[in-house]
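So the mapping is simple: the working numbering equals the position in the sequence shown, first residue as 1, plus 186.
Reviewing the structure listed below.
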Amino acid sequence: MTLPIGLSDPVWLWLAIPAVAIVVLGWLGASRTLPMGRRVASLVIRLVLVACLVLSLAGARLALPSDRLSVVFLLDASASMLDATREELVEWARDSVREMPEGDTAGVVVFGGNALVDRLPSELDELSEPASEPVVGATDVAAAVRLAAAIFPAGSQQRIVLMSDGNDTSGEAEEAIAAAAARGMRLDVVTPADESAAEVLVDAVDAQPGARVGETIELTVRLRSTITTTATLRLLADGATVATRELDLEPGVTTVPFAVTAAEPGFHVFRAVIEPAEDRFGENNAADAYVLVTGEPQVLVATDDATRAADLIASLGEGSLEVTVVAAGGVPSSLASLAGYDAIVLDNVNADQLGADTMAALQVYVRDLGRGLVMLGGRDSFGAGGYLDTPIEETLPVYMTVRDRERSPDVAMVAVVDKSGSMADCHCTGDSRDNANPSGERGFEKVDIAKEAILRAAEALAPTDQLGVVAFDQNAHWAVRTAPIDFGALGNGLGFEADGNTNIFAGLQAAYDDLIDNPATLRHIILITDGWSTHGAYDDLLEDMQAAGITLSTIGTGGGSAQLLRRLAED
């Protein structure tokens, strides 16, 4: 047998250890002139006092069984209960109250879709007619049980009497009943005597929320019947009958599947209507489901090269997709406009062409609307397109920089920079090297712009990559030898001034001779010049570079360079 002892703050029990130790040590050190019997008695008394003090601090309480009973009647007032059945249950509760001993209490909770306290537990001689009117369209047994558990008076045995047909719609009744039982509450169930009352209803219509034109919409109608009967089930789409079934119903739940082809885009209402041979209420014989039907998937392709994107556009069209093609800068910046498309394809589009507003809208378009975004590679895409640290980088499942440097190929790059006299002109000078600047316009010298370009290129490389700088006039001069990037050495090496004639070939030859034996995976030359030079065996040098896998990029700093640099880059 266990004593019903409870502690509200049991942590205080730890105090007993030092307290008992102090009492015992004090008793051992006390005078031994007293007889042993009195000394032992004093020790026992002190230990009892310590125990009482510690138990008091720990909130000890002794719960004695009560002979008083408190009963809460839960009366189902939902639409599934007949008035006569409800009156029968109320009369049964009245009889129970009349038989309750003096001192016992009774209360009433009336429930349907919600639960209401009709009478708090109190001593009653007679139970009056319940006056509460809950929502009748549902049966929430769980809410009624929880409310009853909350209104019981303390210090009494607690009993819940559920008076219902058991058609719970909350789905939480078992959980609520288990919680009440765990608190020591007893639950009894009283069901209506007339369980065979005829009732057929449409419990629900389940359907997928959306579909495309031409797709099949799957619907399931869930019926509930209390009797064996026949019925006609009709399915209506936007008010027009699209299917009819003749059914033989048995007591319980019956599910009936339907398949309807989505014919037109728009918002459609599907209604299931049951017409049984026997029924009690007609109000619950129909239920609706809503389905949004959309047209062919819409895809927006943004590109500045229709020829490059032609195969992609053709493939999308063959897949029954409606394709809209816009220029790279023509992607809508508003979410409302983007929402008209199911997916957006960015074909070699750079971040500047999109703009900050459009990138932010695309992030919401993907994250919140669940639409598709595809980025195709190219010179103006991904990291090269300026998407680092933008909403697009956050949206796409890729990083715009190489995260694992161990997997990044090592690079050796040589910048070949024109330091001839023409590079001392500002960038505003005309296409002819002999032109002056008659307007007196001031600007940056072309050689300084070239130096800035080299610094920017160095910042984009990894610390382990190699960089060299060849400055040329009529001859080639090594400003910075090819080595892992050292910004201090690079700054010192870029201190040259523009002067002399121009020999582009000499600069390229020096860079090639340096890179030909370099073991780096990627070897690249960047030529920066205004291009006022044509002599040199360029064709042979370009063939050697191509055979060695050394690539070349050209940057023109004046109109005169265009023809030569274009030929070098293309070859």
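Virtual Cβ for every residue (Gly too), placed ideally from N, Cα, C.
- Looking at the DSSP output, G452 bridges to V479.
- Residue pairing by DSSP puts G438 in a beta bridge opposite S411.
- The beta carbon of Y551 lies closer than 8 Å to those of L521, L524, A525, I530, R557 and L559 in the same chain, with the five residues before and after it left out.
- Here the C-alpha atom of T271 lies approximately 22 Å from the C-alpha atom of A359.
- Under the three-state reduction of DSSP, P204 is assigned to helix.
- Contact between the segment 294-303 and the segment 226-246 is absent: fewer than three C-beta pairs spanning the two stretches fall below 8 Å.
- In this structure, the beta-carbon distance from F691 to Y724 falls below 8 Å.
- At the C-beta level, R494 and D538 stay beyond 8 Å of one another.
- When the five nearest sequence neighbours on each side are left out, the beta carbons in the same chain lying within less than 6 Å of the beta carbon of Q660 are those of G686, N687 and N689, in order along the chain.
- No Cβ-Cβ contact shorter than 8 Å links S342 with L260.
- Contact between I714 and A601 holds: CB atoms are separated by about 7 Å, below the 8 Å threshold.
- Per DSSP, the continuous alpha helix (DSSP H) segment holding D700 begins and ends at I690 to L701.
- T447 counts as exposed, since fewer than 16 other beta carbons sit within 10 angstroms of its beta carbon.
- Looking at the backbone, the Cα of A368 and that of Q344 are separated by about 12 Å.
- Residue K605 holds the alpha-carbon nearest to the alpha-carbon of K632 among W198, K605 and D566.
- Apart from sequence neighbours up to five positions away, the residues of its chain that approach F568 with a beta-carbon distance below 6 Å are M586, ordered along the chain.
- In the DSSP assignment, I530 forms a beta bridge with L486 and L559.
- Membership of S501 in the alpha helix (DSSP H) is indicated by the continuous run A492 to E504.
- Closest by C-alpha distance to I337, out of V512, L306, D700 and R284, is L306.
- With respect to the 8 Å criterion, T441 and T406 are classified as neighbours on the basis of their beta carbons.
- Fully enclosed beta strand (DSSP E) runs of no fewer than 3 residues occupy 291-297, 301-308 and 343-349 of the segment 290-350, in order along the chain.
- Take the alpha-carbon of A669 and the one of T650: they are about 9 Å apart.
- In this chain, the alpha helix (DSSP H) harbouring S228 covers M222 to L243.
- L507 and H454 have their C-alpha atoms roughly 23 Å apart.
- With respect to L387, N471 sits close: the two C-beta atoms are nearer than 8 Å.
- In this model, I363 and A335 are separated by some 10 Å (Cα to Cα).
- With contacts defined as CB atoms closer than 8 Å, A488 and G505 fail to qualify as a contacting pair.
- Counted as a single uninterrupted DSSP element, the beta strand (DSSP E) harbouring L387 occupies residues V386 to A393.
- For A445 against A458, the beta-carbon gap comes to about 14 Å, at or over 8 Å, which does not count as contact.
- Non-local beta-carbon contacts of E464 in its own chain, meaning distances under 7 Å to residues more than five positions away in sequence, involve A384, I413 and T415 in chain order.
- Ranked by Cα distance from L409, the first of R398, V399, L421 and G400 is L421.
- It is roughly 38 Å from the alpha-carbon of A706 to the alpha-carbon of Q549.
- By the Cβ-count criterion, A657 is buried, with 16 or more other Cβ atoms from all chains shown falling within 10 Å of its own Cβ.
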